[in-house]
Structure formats: structure tokens, C-alpha cells
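All residue numbers for the sequence shown refer to the UniProt record's numbering, where the first residue is 1 and numbers rise by one. Working notes, beginning with the structure itself.
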Amino acid sequence: MKPVRWLLIVLFALPLAVFAAGAFWPQGLLLDAAARQEGLLILPESGWANARFEPRDNVERNLRQRSQGRYTVDDRCVDAGPAQKALDHLLHQPWPHRGDRALWISVMAETRWRPSPCMQRLAHRGHGAIHYGRHLRILSVERATPIRCNVDLFVRNGRSCPPPPAPPAALHLDRPDLYPQAARQAGVEGEAQVELLVGPGNAIARCRILRSSGHADLDAAACPTAAANLQVIQGKGSTDGLATGMHRLIRTVRWELKD
């Protein structure tokens, strides 16, 4: 009977011990002392309660395994700790998309064992479940790079987003005779992007504004100016879906006042 009794005591005492550990050590039990960690930090729209970290080795391993349909889960929940203010500054800058935000980080961090909603989500438990797991508690940030492109593309490109495609050829206008008079007198500068449908002999079949300059005077002058200076901005245009001899040019007209 004694072994059974001791087993029952242990089974009863273990949940109490876990609860007491959470009460007396709210930051969790220390598993690994502070060390340098590098990898992917993801902050969902729900905030830091569900932030997670994936070590660099696992990110790169999953990139190699992707073609084989394999995926290794090695996510850790994140406690931003004293580094939260610095990370918030980076994560709340303007982003090109909604949803999760990501940083590639190199930090000094320790690993702790504690419960959280994040561990509950990673373990696919119900809302009533309490789940413990590894947390990365960040102590200081050595380097943090915002990821404003696809994560796989970021990793393949040497942990940096490739530069955006070059903008269409621009027509720089700083000559007074080409500047809309009202805009020039008001000291207004800007740029508008236009689409030109060009036919044989450089005849302009159509011109429309794709992106406004934000100024009515500049917008009104964009198409006439682009058409009048077609030889300056002429280049290879798209012919997709157009009649023979027609091509489409997308160009930027930029007005700049000389100092």
C-alpha cells in the first residue's frame, strides 16, 4: 500500500507545487542563464501576450525542408522584459501590411519555464487549460532588423529584404517655362505618375493619372507635360492587350523648384 499512497501524494502535490512556483516566481523558473540568441521575433496584432520567437537554426532548417513538405516547430513564447520599450519602438513604425509584425533579432536573453496564453496557443490547448513551457526573457537588444517582406525572402537574401523595384523613369521639371505658374508661385513641389497610351508616330491616344501629386495644379499639368516631352521620357513600353503599333508607358513627372 505504501507505494500507492506515496504515488497518490505525489500526484496531489505536483499541481500545488506548480501553482506555488507560478505564485512565488512570476517570471518563471530559470532554465538557461543569459546568453546571446538570434532569430525571428513575431508580434501578432493581439500584442505581447502571444509574441513568439523562433531560433535562427530552426528558421533556416524549415526553409531547407519546405520543398519536402516538412516543418519543425521550435517556437518559444517571449517575455520582452526590460527590452520591451526598444522593441515597441521598432515594431510600431509604419508597416507595409496589416497583421503580424516581425523582427530579426540578436539579443541577450535567458530561458524560463512559466505558464502563459502563448504556451496555451502553441500547445493547441483549450481556453481552460494551463500550459507551461519555455519562455525567452529578453534582457537587452544587440540588433533588431524590421522584416517588411516575406520571411523566406528575407532569410534567402542574407537576412535583409531586397530593394524595391526601380521606379519608372522620371521626367524632372525645374524649368520655369514647364512649371505650372500657380504652383511655382506658391512654392509647391510634387510628382504624379501617369499612364500614356502611345500610338504610331508617338501620337498620344490617352493619358491618365495613376498616382496624384496631391496638388490640383500639378495634376492638371501632368498629362500635357508628359505628352509634350515624350521624346525625353520615351522608353520600352508594354504592348499587352493593345492594338498593333500601340504601347503603354508608365512614367513619373516630378516638379522640383531650384534653390
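C-beta: ideal position from N, C-alpha, C; glycine also. Since the model is a prediction, treat every value here as computed from it, not as a measurement.
Residue span of the alpha helix (DSSP H) that contains residue i, given as start and end
i, result
"residue 266", "Any property of residue 266 remains undetermined from this structure, which presents the chain solely from 1 to 259."
"Leu-153", "151 to 156"
8 Å CB neighbourhood of residue i in its chain, flanking five on each side removed
i, result
"Ala-227", "Leu-196, Ile-204 and Cys-207"
"Asp-100", "Ile-42, Leu-43, Pro-44 and Glu-45"
"Leu-63", "Asp-152, Val-155 and Arg-156"
"Arg-159", "Trp-104 and Thr-145"
"Gln-65", "Tyr-71 and Thr-72"
Segment limits, beta strand (DSSP E) that includes residue i
i, result
"Leu-103", "101 to 115"
"Cys-223", "Unbroken run through Cys-223 is the alpha helix (DSSP H), 216 to 228; no beta strand (DSSP E)."
"Leu-197", "190 to 198"
"Cys-207", "204 to 211"
"residue 290", "Residue 290 lies beyond the range of the chain shown here (1 to 259); nothing can be said about it."
DSSP state of residue i mapped onto helix, strand, coil
i, result
"Arg-184", "helix"
"Gly-201", "helix"
Sequence-distant residues of its chain with Cβ nearer than 6 Å to residue i (five each side left out)
i, result
"Phe-154", "Ile-147 and Cys-161"
"Ala-182", "Asp-217"
"residue 282", "Any property of residue 282 remains undetermined from this structure, which presents the chain solely from 1 to 259."
"Met-246", "Gly-199"
"Arg-114", "Gly-28 and His-135"
"Ala-144", "Leu-90, Leu-103 and Ile-105"
"Cys-223", "Val-194 and Cys-207"
"Gln-93", "none"
Min CB distance residue i to chain D below 8 Å
i, result
"Ile-105", "Reference to chain D is not applicable here, since this structure consists of a single protein chain."
Proximal residues to residue i (C-beta, below 7 Å), its chain only, five neighbours per side dropped
i, result
"Glu-54", "Gly-39, Leu-40, Asp-74 and Asp-75"
"Glu-60", "Val-155"
"Asp-219", "Ala-192, Ile-209, Ser-212 and Ser-213"
"Gly-81", "Arg-137, Ile-138 and Leu-139"
"Gly-187", "Leu-257"
Counting only runs that start and end within the region 31 to 87, where is the alpha helix (DSSP H) found for 4 or more residues in a row? Qualifying alpha helix (DSSP H) stretches, in chain order: 56 to 65.
At a cut of 8 Å, does the region 35 to 43 reach the region 104 to 115 through at least three beta carbon pairs? Segments in contact, yes.
Looking at C-beta atoms only, is the number of pairs between the region 67 to 75 and the region 135 to 148 that lie closer than 8 Å three or more? Counting C-beta pairs closer than 8 Å gives fewer than three between the region 67 to 75 and the region 135 to 148, which falls short of the contact rule.
Indicate whether the contact test is met: 3 or more Cβ pairs, each with one atom in the region 176 to 193 and one in the region 148 to 161, closer than 8 Å. Short answer: they don't touch.
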